[in-house]
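S.K.:
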Amino acid sequence: MLATNKQPVTNTQPVRSARPVRSALLVRSARPGRGARATFHQYGSILVTTLALLLMVGACATGDDTRTATVGSTKLTSGWALRSATGLADTGGAISRVGYGTVGWHPVTLPSTVLAGLVDNRVYQNVYFGQNLKKVPDLTTQKWWFRGEFKAAASAPGQAYWLRFKGISYRAEIWLNGTRLDANAVGTLTHHEYDVGKLIRPGEANALAILVTPPAHACKDLSICTVDWNHEAPDMNAGVWGDTILETTGPVALRDPYVRTVLPLPATDSADLTVYADAVNATRAPVTAKVGGTISKAGHPSITFDQTVTLAAGERREIAFKPLRVTKPALWWPHQYGKPDLYHLKLRADIDKVTSDVKEIDFGIRQFTDYRKSVNGTSWAAYKVNGKNVLFRGGGYVWDLLQRWDTKTNATHVQYVKDMGLNTIRLEGTLGNEELYDLADRNGIMLMPGFVCCSAWQKDDKWTAEQTEVAMASLDSQMRALRHHASPFMWNYGSDEPPKPAHLAAYKNIAAKLHWQNPTVDNVATWSNPDAGMKMDGPYVWEPPVLWWDTTRVGSAFGTTGEEGTQAPPPLESVQKFLAPSDQWPLADAWNFHAGRPSTPFDTTTHYDKAIDNRYGKATSAADYARKAELQNYENTRAFFEAWSAHKYAKSFGTIFWMLNNSWPSVQWNLYDYFFKPGGGYFGTKKATEPVHIAYDYNTGKVYVVNSTLASRAGLNATATFYTIPDLTQKHSTTKSVTAPANASSEIMKLPAVGGLSSTYFIRLQLKDSSGASVSDNLYWNSTRPDELGPKSDWHHTEVKTYADFSGLNSLPANSGVAASATRTTANGQETATIKLTNTNPKNLAFFVRPEITAGADGNEVLPITYSDNYVSLWPGESTTITATYATRDLGGKPPHLRIRGYNVPTKSTPIP
């Protein structure tokens, strides 16, 4: 139950200076650009009387002005223009005047980086195709103007106006209506805010101009850095990349509301909620306000609370409310554990019963805790949610190279993570996409945020005084944006290396002052800090599946890893979107241009290509390479997540695959490609992380059943069967009764050495319930000459001594006997296609069959799209039913078709009625 808590108590905590408002009215500084750490300065005596207060809040002595302040928030997105400052003699004082002419400027919509705006205006075209990015010059050698006009709300007694910037890179002069607000707004990840009440033109047009100085190349500034993941953006993502907001309030504004939730673990039948928010006085006189709110959730009683607060002139203060007890709370759970239930907080400040400001957030009642466990002589970080062990499984997210995203893009990332059975997204420096946080909250996806490696962020021993300020302000800004969300389960202060002791202590002090409620780590790499609790020992290039299972190897599935992964070229249909036919085969310069950053170990796919040629047979064309790559991606990501899952809580505690996605069309790391086309890596992951899964250990021959849910499963039967290729002769079969305990991995059998096998053979693992229904069906292709690792290893690669022989797959007889049909239903702009596949061939396998929903008979796959299963293999006479979900609009007006193809199944397409 929720209780009402009245608190007529004034909070007397001191003014917080970590992220103050910077005000054209109240801030006076010799260096206003350093205002990220500035505080309010008071000038002269202020007459504090009841009459003065009434005047400030708009209750005039005559009583004949009944207008009230407008409370609202508007994102300033349209009406902007961009141009280089080079050759422009006009100053910000002129450019920020209403009516200033922008003929010859480039119209842009905010948020936008410089290069994104120029690409939108076709100054540079098709920059992701081939090697066109080389044609874009260095855009960091000049400054850039962003200019826009907007209409402000009409004036009213007590009306306050605020300009808020959620992301400017790297530094800027900010001008409003001819007056400079800030000479040096610095820091890509720092939020900037200004009280502009004395400069705004109420009810009229206003002009805002921002002169941006780009970050330095080679990640020398505390900016966005993609290290060796891809090419640097030619503008280094300079621009107004975050939201620009005009906010209107009464005399008291509310900032950064947050609800800290504490459970009486191990019990979860109640929770204590502590509400925090900052209150800001925009006036030159003390103001008394009633600050209170309501916490609500459908089907649950609401809670109300309030307290009276008196703020000094210009004061910003944190307001804390006494803990509120909730009984039988609806908990937020990560994906596969339960529902990600959310509550709603509505907080308001009233002055004399007139609303001064309102802020609303959603939050989850949950508690993440951490503990340590030693494996192979190292102490590893492990995590629990609401008292239950949780194995974090996810990928490293990166946004578009030009920092472009929208709701559909953000929603697809989260949808794909969830569909793959993952529960975590790592944000290594890619901080500030707040819509992604909201979507993660609603979908039960955990976030692993922190600062980036291998850049000025890591080289903090060389920081200037300004950089130190920027780093601290950045942490303050980003933690404030994250802390009310249910999805973040931790924060890492450093990636590859921990910050220097003084900076780390300052970081932790900021986290404590912000009441950060989740675990933290100093960094995520034991090679630089033995007590990090996480490792980053690689690999980062292709390795065979056995590596993940062999826990004598540094990159294998033991401990906790901040990242590791392998190369994963995309499907051919995607390659055709960014490479000309002549560049698709043989693999050469254009292909390598889309690998990792030049002059790094990742600027080719040599390790991957060698594995294809040696394991599956030498690739002869782009199409042949692609179909073999899909197999290799599938088997590798499946084994990766199987090994980490099978070892959970005994040897392994969490893993991040490097990477989740790509910032542009890439032939390197991903679980799905830039175009959102799901391929072998995607479906291998999805298979490995299904709720209850049967898995094969490539290293020992053991078989595990992994239950990733909080519900046990009894009455299961597991079968392991060996088949020769190509005739599918059964050589051995074993069946065992199984119980799968909740949230656990169980070793259920060890497969024997089987004689008489072909050089390439199949192992089929099946898990069925007591009714005979399939719970997990998993087909492995193996070799009598298995992959064997060599003794040499470094941070990105372990040598392969012997490659497995999978060439026998090429001898599978062609099978044109796969019958395919589909029906569809449509609701709310979404279509669900139900696909039925049947192998009518009496003796031949249909191997690695890929159904796709396409736009038209010869069109590409509809994207984005999710399937209940894919890359399926059917024995003679077997059938399977698969569902696919996609948006009708993504058909582009064309009729949907079902296209099927397989490793030994010819391509065919049929219309879907």
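Quick note on the numbering used here: the sequence shown kicks off at 324 and runs consecutively.
All C-beta atoms in this analysis are idealised placements derived from N, C-alpha and C, irrespective of residue type, glycine included.
Here the structure is a predicted model, which means the values were calculated and not measured.
Can you tell me where the beta strand (DSSP E) holding Pro1234 begins and where it ends?
M.R.: Unbroken beta strand (DSSP E) run through Pro1234: 1231 to 1234.
S.K.: How big is the Cα-Cα spacing for Glu641 and Trp722?
M.R.: Distance between the alpha carbons of Glu641 and Trp722: 33 Å.
S.K.: Short of 7 Å in beta carbon distance, which residues of its chain neighbour Ala891, apart from the five on each side in sequence? Order them along the chain.
M.R.: Closer than 7 Å at the Cβ level, and outside the excluded window around Ala891, lie Asn956, Trp992, Asn993, Gly1004.
S.K.: Under a three-way DSSP split, which group does Thr584 fall into?
M.R.: Strand at Thr584.
S.K.: Is it true that the segment 583 to 595 meets the segment 543 to 556, where meeting means three or more beta-carbon pairs spaced less than 8 Å apart?
M.R.: With a cut-off of 8 Å, the segment 543 to 556 and the segment 583 to 595 do not count as touching, because too few Cβ pairs lie within range.
S.K.: I'd like the span of the beta strand (DSSP E) that includes Leu1214, first residue to last.
M.R.: From DSSP, Leu1214 is part of no beta strand (DSSP E); its letter is neither H nor E.
S.K.: Roughly how many whole angstroms lie between the Cα atoms of Ala713 and Gly744?
M.R.: For the record, residue 713 in the displayed sequence is Val; it is not Ala. For Val713 and Gly744, the distance between alpha carbons rounds to 14 Å.
S.K.: By alpha-carbon positions, which one of Ala1145, Phe1170, Ile1071, Phe901 ends up nearest to Tyr1103?
M.R.: Tyr1103 has its Cα closest to that of Phe1170, out of Ala1145, Phe1170, Ile1071, Phe901.
S.K.: For Gly1225 versus Met982, is the C-beta spacing smaller than 8 Å?
M.R.: Cβ distance not < 8 Å, so Gly1225 and Met982 don't count as in contact.
S.K.: Report yes or no: do the segment 962 to 970 and the segment 872 to 886 share at least 3 C-beta pairs separated by less than 8 Å?
M.R.: Contact between the segment 962 to 970 and the segment 872 to 886 is present, because at least three Cβ pairs lie under 8 Å.
S.K.: On the three-state DSSP scale, how would you describe Ala483?
M.R.: Reduced to three states, the DSSP call for Ala483 is strand.
S.K.: Let me check understanding here. Comparing Cα to Cα, which of Asp664, Ala704, Tyr694 lies closest to Ile688?
M.R.: Closest option to Ile688, Cα to Cα, is Asp664.
S.K.: Please name the residue, chosen from Ile497, Pro1109, Pro430, Gly520, that lies closest to Gly870 on a Cα-to-Cα basis.
M.R.: The question names Gly, but residue 870 in the sequence shown is Leu. With distances taken between Cα atoms, Leu870 lies closest to Pro1109.
S.K.: Restricting to Cα atoms, I'd like to know which of Thr1211, Gly1216, Arg1222, Arg1212 is closest to Ser1172.
M.R.: Before going on, a small fix: residue 1172 reads as Val here, not Ser. When each option's Cα is compared against that of Val1172, the closest is Arg1222.
S.K.: Tell me, please, which residues DSSP counts as bridged to Lys620.
M.R.: The partner list for Lys620 (beta bridge, DSSP) reads His623.
S.K.: Should Tyr604 go down as buried or exposed, given a rule of 16 or more other Cβ atoms within 10 Å for buried?
M.R.: It should be noted that the sequence gives Asn, not Tyr, for residue 604. So Asn604 counts as buried.
S.K.: Below 7 Å CB to CB, which residues in the same chain sit around Ser1081 once its five sequence neighbours on both sides are set aside?
M.R.: Within the same chain, Ser1081 has close Cβ partners Thr1047, Ile1048, Gly1131.
S.K.: For Lys398, is the classification buried or exposed, using 16 other Cβ atoms within 10 angstroms of its Cβ as the cut-off for buried?
M.R.: The residue in question, Lys398, is exposed, as its Cβ has fewer than 16 Cβ neighbours within 10 Å.
S.K.: Where does Gln1053 fall in DSSP's three states?
M.R.: DSSP places Gln1053 in strand when its eight states are reduced to three.
S.K.: Quick one: give me the first and last residue of the alpha helix (DSSP H) that Phe901 is part of.
M.R.: Run containing Phe901: 895 to 901, per the alpha helix (DSSP H) assignment.
S.K.: Among Ala809, Ala1011, Asn1066, Phe1085, which one has its Cα closest to the Cα of Leu1074?
M.R.: Ranking Ala809, Ala1011, Asn1066, Phe1085 by Cα distance to Leu1074 puts Phe1085 first.
S.K.: Does DSSP put Ala384 in a helix, a strand or coil?
M.R.: The predicted position of Ala384 is uncertain, since its pLDDT is 33 and thus under 50; a value taken from the coordinates is nonetheless stated next. If DSSP states are grouped into helix, strand and coil, Ala384 belongs with coil.
S.K.: Rank Pro862, Asn553, Leu1039 by C-alpha distance to the C-alpha of Ala1063 and give the top, closest one.
M.R.: With distances taken between Cα atoms, Ala1063 lies closest to Leu1039.
S.K.: Taking Val990 as part of the beta strand (DSSP E), name the residues at either end of that continuous run.
M.R.: That residue, Val990, is in no beta strand (DSSP E); it is neither H nor E in DSSP.
S.K.: Can you give the Cα-Cα distance for Ser368 and Lys521, rounded to whole angstroms?
M.R.: Interpretation of Ser368 is limited by its pLDDT of 28, a score under 50 that renders its predicted location unreliable; no figure is taken from the coordinates.
S.K.: Quick test of the definition: if touching needs 3 or more C-beta pairs under 8 Å, does the segment 730 to 747 touch the segment 773 to 784?
M.R.: No, the segment 730 to 747 does not touch the segment 773 to 784.
S.K.: Would you kindly report the start and end of the unbroken alpha helix (DSSP H) that includes Lys785?
M.R.: First-last for Lys785: undefined, no H or E at that position.
S.K.: In the structure shown, what three-state DSSP assignment does Arg390 receive?
M.R.: Correct three-state label for Arg390: coil.
S.K.: Can you tell me which residues form a DSSP beta bridge with Trp498?
M.R.: Answer is Arg503, Ala532, bridged to Trp498.
S.K.: Report the rounded CA-to-CA distance for Tyr830 versus Tyr816, giving the unit in angstroms.
M.R.: For Tyr830 and Tyr816, the distance between alpha carbons rounds to 8 Å.
S.K.: For Asp693, list the residues DSSP reports as bridge partners.
M.R.: In DSSP, Asp693 forms a bridge with Tyr706.
S.K.: DSSP state of Lys974, grouped into three classes?
M.R.: Lys974: coil per DSSP, three-state reduction.
S.K.: Give the list of continuous alpha helix (DSSP H) stretches no shorter than 4 residues that lie fully inside the segment 697 to 766.
M.R.: Counting whole runs of 4 or more residues, the segment 697 to 766 contains the alpha helix (DSSP H) stretches 730 to 742, 757 to 766.
S.K.: When the Cα of Thr1163 is compared with those of His1220, His736, Ile1176, Val1228, which residue comes out closest?
M.R.: Looking at the Cα atoms, Val1228 is the closest of the given residues.
S.K.: Less than 8 Å between the beta carbons of Val990 and Thr929, yes or no?
M.R.: For Val990 and Thr929, no; Cβs fall outside 8 Å.
S.K.: Would Asp819 and Ala796 qualify as a contact pair, given that the criterion is a beta-carbon distance under 8 Å?
M.R.: No, these two residues do not count as a Cβ contact at 8 Å.
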